[in-house]
Amino acid sequence: MVQATEPQTKLVKPRTKAGKRVLEKRAPKLVEDPKRALLVYGNKTSQVVKDVMTDLHKLKGTDAVKYSRNNADMRPFEAGGEGALESHCARNNCSLFALGSHQKKRPNNLILGRLFDFRLYDMVEFGVVSYRSVQSFGSGAAQAQLGNKPCFVFVGDVFENDSAMRQVKSLLLDYFRGRQVESINLKGLDRVILVTQHPENKRVLFRQYTVRYKKSGTRVPRTELTEMGPALDLEVRRSRQPPVDLEKEACKRPKVDKKKQKNVGSDVLEGKVGRIYMPKQDVGGMALAKPKGVKRERRAAAAEAAAAKKQRREGGGGAAAAAGGGGDSE
Numbered sequence: 008m009v010q011a012t013e014p015q016t017k018l019v020k021p022r023t024k025a026g027k028r029v030l031e032k033r034a035p036k037l038v039e040d041p042k043r044a045l046l047v048y049g050n051k052t053s054q055v056v057k058d059v060m061t062d063l064h065k066l067k068g069t070d071a072v073k074y075s076r077n078n079a080d081m082r083p084f085e086a087g088g089e090g091a092l093e094s095h096c097a098r099n100n101c102s103l104f105a106l107g108s109h110q111k112k113r114p115n116n117l118i119l120g121r122l123f124d125f126r127l128y129d130m131v132e133f134g135v136v137s138y139r140s141v142q143s144f145g146s147g148a149a150q151a152q153l154g155n156k157p158c159f160v161f162v163g164d165v166f167e168n169d170s171a172m173r174q175v176k177s178l179l180l181d182y183f184r185g186r187q188v189e190s191i192n193l194k195g196l197d198r199v200i201l202v203t204q205h206p207e208n209k210r211v212l213f214r215q216y217t218v219r220y221k222k223s224g225t226r227v228p229r230t231e232l233t234e235m236g237p238a239l240d241l242e243v244r245r246s247r248q249p250p251v252d253l254e255k256e257a258c259k260r261p262k263v264d265k266k267k268q269k270n271v272g273s274d275v276l277e278g279k280v281g282r283i284y285m286p287k288q289d290v291g292g293m294a295l296a297k298p299k300g301v302k303r304e305r306r307a308a309a310a311e312a313a314a315a316k317k318q319r320r321e322g323g324g325g326a327a328a329a330a331g332g333g334g335d336s337e
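The opening residue of the sequence shown carries number 8 in my numbering; numbering runs sequentially from there.
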């Protein structure tokens, strides 16, 4: 196991608004952006490594960038050899990488790693002992659709108790988990990734199956698994743990500002105090309990109004009669 040297980090203050926006994009988020992967070849490669990289590119889909040429300057396990890899990942906005190479000392070599803030975080080196491609399984892979999230199954307590296997589990989860979603439809779970360790030779066995739902007579369907590939038998060779300060920085969670409440303040004595704005109310037509005196006044007022109306009616009738009598005299 290779322990990385702690890099010297410094606080970068933005000088322009564009630089401030760039730093805000790199800041920790509650919901992270989908992790993209960069797939590159080393100085020399074999056909097995090329086929493995092709299948990895298919599994990542649109969240992967694959180089087709060999790169002799990418040697992340050597001191200072990760600079070229970090620059290419920053150029393509990738936080994951897969480096395939083939040497006499380390045949069919595959390195999976992660970056934080475009700095090398950790990585694990595997040796591909056995491999079967997706095409060799026939039409089983046609059942899985691109973009659907897989279901992970890690068999054994070794992935929790052993530190090296814990790192392998975390790396595989980050590499194949896909995009973060709030809910998953049952029909969207169309494949299962099964990872286990062989008890004798300590090899990591990577298998992938398609899920077929059958009728069971109940609400829960009956499932059948069909192997779809790729099938990998991996041998763990070298690994690199993340630096202490970089790991602490990567595990930070952003502070979420509380949503500001309008018209709410605080008081030393009463604590939380709210202010309520009520609209203008018309209380003239409200049905209220009236005392007897008010009822008496209303009856008296009604009697006076009736008497005045009767007087006007009688006075109007007499005037009309007087006008009629004057006409007859002529």
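C-beta: ideal position from N, C-alpha, C; glycine also.
To the nearest angstrom, report how far apart residue 88 and residue 82 are at their CA atoms.
-> Against the sequence shown, residue 88 aligns to sequence position 81. Against the sequence shown, residue 82 aligns to sequence position 75. Cα to Cα, residue 88 sits roughly 5 Å from residue 82.
Would you tell me roughly how many angstroms separate the C-alpha atoms of residue 131 and residue 52, rounded to the nearest one?
-> Your numbering for residue 131 matches position 124 in the sequence shown. Your numbering for residue 52 matches position 45 in the sequence shown. Near 18 Å, if we compare the C-alpha coordinates of residue 52 and residue 131.
With 16 other Cβ atoms within 10 Å as the buried cut-off, status of residue 268 | As a working mapping, residue 268 is identified with position 261 in the sequence shown. With fewer than 16 other Cβ atoms from the protein chains shown falling within 10 Å of its own Cβ, residue 268 counts as exposed.
Where residue 66 falls: helix, strand or coil (DSSP) | The count along the sequence shown starts at 1 and reaches residue 66 at position 59. Correct three-state label for residue 66: helix.
Return the chain-ordered list of same chain residues with a C-beta closer than 6 Å to the C-beta of residue 227, the five sequence neighbours on each side being excluded.
-> Counted from its first residue, the sequence shown places residue 227 at position 220. The answer is none, since no qualifying residue turns up.
Who are the near neighbours of residue 255 in its chain, counting only those whose CB is closer than 8 Å to its CB and skipping five residues on each side?
-> Your numbering for residue 255 matches position 248 in the sequence shown. Answer for residue 255: no residue qualifies.
Cβ separation of residue 160 and residue 241, assumed to be a contact under 8 Å, to the nearest whole Å = Numbered from its first residue, the sequence shown carries residue 160 at position 153. Numbered from its first residue, the sequence shown carries residue 241 at position 234. Going by Cβ atoms, the distance from residue 160 to residue 241 rounds to 16 Å, so no, they are not a contact pair.
Flag this pair as yes or no: are the beta carbons of residue 42 and residue 102 separated by less than 8 Å?
-> Counting from 1 along the sequence shown, the entry for residue 42 is found at position 35. Counting from 1 along the sequence shown, the entry for residue 102 is found at position 95. In this structure, residue 102 lies closer than 8 Å to residue 42 by Cβ.
Secondary structure, alpha helix (DSSP H): runs of 4+ residues fully inside the stretch 232 to 273 | For the stretch 232 to 273, whole alpha helix (DSSP H) runs of length 4 or above, ordered along the chain, are 251 to 257.
Under the DSSP definition of a beta bridge, which residues are partnered with residue 183?
-> Here residue 183 refers to the residue found at position 176 when the sequence shown is read from its first residue. Partner(s): none; residue 183 has no beta bridge.
Inter-residue Cα distance where the pair is residue 119 and residue 155 = Here residue 119 refers to the residue found at position 112 when the sequence shown is read from its first residue. Here residue 155 refers to the residue found at position 148 when the sequence shown is read from its first residue. Whole-angstrom Cα-Cα distance: 22 Å.
Identity of the residue in 169, 265, 280 nearest residue 272 by Cα | Sequence index remark: in the sequence shown, residue 272 carries index 265 (1-based). Out of 169, 265, 280, 280 has the C-alpha closest to the C-alpha of residue 272.
Taking the alpha carbon of residue 133 as the point to measure from, which residue in 21, 233, 243, 302 has its own alpha carbon closest?
-> Position 126 of the sequence shown, counted from the first residue, corresponds to residue 133. It is 243 whose Cα lies nearest to the Cα of residue 133.
Going by the beta-carbon positions, is the gap between residue 107 and residue 78 smaller than 8 Å?
-> If you number the sequence shown from 1, residue 107 lands on position 100. If you number the sequence shown from 1, residue 78 lands on position 71. Not a contact, by the Cβ cut-off of 8 Å.
Residue 174 burial status per 10 Å Cβ neighbour count (16 or more: buried) | Within the sequence shown, residue 174 is the residue found at index 167, counting from 1. With 16 or more Cβ atoms within 10 Å of its Cβ, residue 174 is classed as buried.
Close beta carbons around residue 166, own chain, < 7 Å, minus the five adjacent residues each side = Here the question's residue 166 lines up with position 159 in the sequence shown. Counting only Cβ-Cβ distances below 7 Å, and skipping sequence neighbours, we find 172, 173, 176.
Bridge-paired residues (DSSP) for residue 106 | For this step, residue 106 is matched to residue 99 along the sequence shown. Paired residue(s): 47, 118.
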